[in-house]
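Down below is the structure, laid out as structure tokens.
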Amino acid sequence: MNIYFGQDRTCCISTIDEINLYLKIPILEVISMVHYFSQLGKNYSQQGFNLLQTNSQLMGVSTVPITSSREYVAYKTYLSLLELTQDWNLCRIWNYVPYINDESRGLENYKSFCKGRSLAFESFYGKDFCVKLPAATGIGIADDTYAIYFIAVKENISNVENPEQISAYKYPPQYGPRSPSFARGTVIKRNGKRIGYLSGTASIKGHESVGQGNIEKQFEVTYETGI
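Residue numbering for the sequence shown follows the working numbering, starting at 39 and increasing by one per position.
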């Protein structure tokens, strides 16, 4: 699976042996492409996702044009994702949310997205869905297409939290009608080794942003909370 940044538009193109996601997002470093290695496997499409499946790993990508609220798009997309991965263990999800800080229908787009995602997890897993939340990232994108990709495995996983930060799914109501639905990190054991997937951490202590207007302080706190 290949992820390309700095593209003219957001889309997914799947071939017989690979999945390519093109993102309309600026390149901040010299790296313009990320490759996720996988053994040769089955490449197919289902429920709006392009999927690459091996005996031990499932990776997938979906791109959805925004024609309704972020809440609805997130809800429908995540329900499909959870159905596809019900026999797997989700360990990492990446979300690219169109115009994440803008408002639509009186609600910030990120908060609308979080509401839909949370409702999908609750609908699928019930009230105790928080124990199922994997590591994840939400990133803004200046495009009208929502993109999501994920990695799921057969190995047992452990979702972990950061003692320096309140769990995202326990955030107070000031952050929106539903709290963000992700764990701070997910750990799997493979061939005697521990592999960790870290969520998109940030300059946060407890649940509050630290170092606003001070980029050096933000990097310092982000590093501290990410190790």
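Cβ coordinates follow ideal geometry from the N, Cα and C atoms, glycine included.
Exercise for the section: Report all residues from its chain with a CB closer than 8 Å to the CB of L117; omit the five preceding and five following residues, and keep chain order. Expected result: A158, S161, F162
Problem - Neighbour-count burial assignment, F75, 16 or more Cβ in a 10 Å radius - result: exposed
Problem - Coarse secondary structure for R155, derived from DSSP in three states - result: helix
Handout entry: Length at least 4, wholly inside the stretch 226 to 258: the alpha helix (DSSP H) runs in chain order
Key = none
Handout entry: Range of the contiguous alpha helix (DSSP H) that encloses A112
Key = 108 to 122
Exercise for the section: Let me know if F188 comes out buried or exposed under the rule of 16 or more other beta-carbons within 10 Å of its beta-carbon. Expected result: buried
Practice task
Measure the C-alpha to C-alpha separation of V111 and P136 and round it to an integer number of angstroms.
Solution key: 11 Å
Exercise for the section: Give the straight-line distance between the Cα atoms of N229 and G144, rounded to the nearest whole angstrom. Expected result: 49 Å
Exercise for the section: Assign S241 to buried or exposed, taking buried as 16 or more other Cβ atoms, counted over all protein chains shown, within 10 Å of its Cβ. Expected result: buried
Exercise for the section: Hey, could you find the ends of the beta strand (DSSP E) S176 is sitting in? Expected result: According to the sequence as given, residue 176 is Gly; it is not Ser. Start and end: 173 to 179.
Exercise for the section: Taking the CB atoms as reference points, tell me whether V99 and L59 lie closer together than 8 Å. Expected result: yes
Handout entry: Beta-carbon gap between L61 and Q45 smaller than 8 Å
Key = yes
Exercise for the section: Say whether chain D places a C-beta atom closer than 8 Å to the C-beta of F87. Expected result: In the displayed structure, chain D is absent; only one protein chain is listed.
Exercise for the section: State buried or exposed for Q95, treating a residue as buried only when at least 16 other CB atoms are found within 10 Å of its CB. Expected result: buried
Practice task
Classify D181 as buried or exposed, calling it buried when 16 or more other Cβ atoms lie within 10 Å of its own Cβ.
Solution key: buried
Problem - Counted within 10 angstroms of its Cβ, other Cβ atoms place K227 as buried (16 or more) or exposed - result: exposed
Handout entry: Length of the line joining the Cα atoms of I104 and F151
Key = 12 Å
Handout entry: Of the residues K165, K153, L171, P211, the one placed nearest N127, counting alpha carbons only
Key = L171
Exercise for the section: Could you tell me the distance, in whole angstroms, from the CA atom of R47 to the CA atom of K192? Expected result: 33 Å
Exercise for the section: Using three-state DSSP, classify S150 as helix, strand or coil. Expected result: helix
Problem - Member of F43, C49, H245 whose CA lies at the smallest distance from the CA of V68 - result: F43
Exercise for the section: Measure the Cβ-Cβ separation of R108 and A174 and say whether it is below 8 Å. Expected result: no
Problem - Inter-residue spacing [alpha-carbon to alpha-carbon] between M97 and S237 - result: 17 Å
Exercise for the section: Could you spell out where the beta strand (DSSP E) holding V72 opens and where it closes? Expected result: 71 to 73
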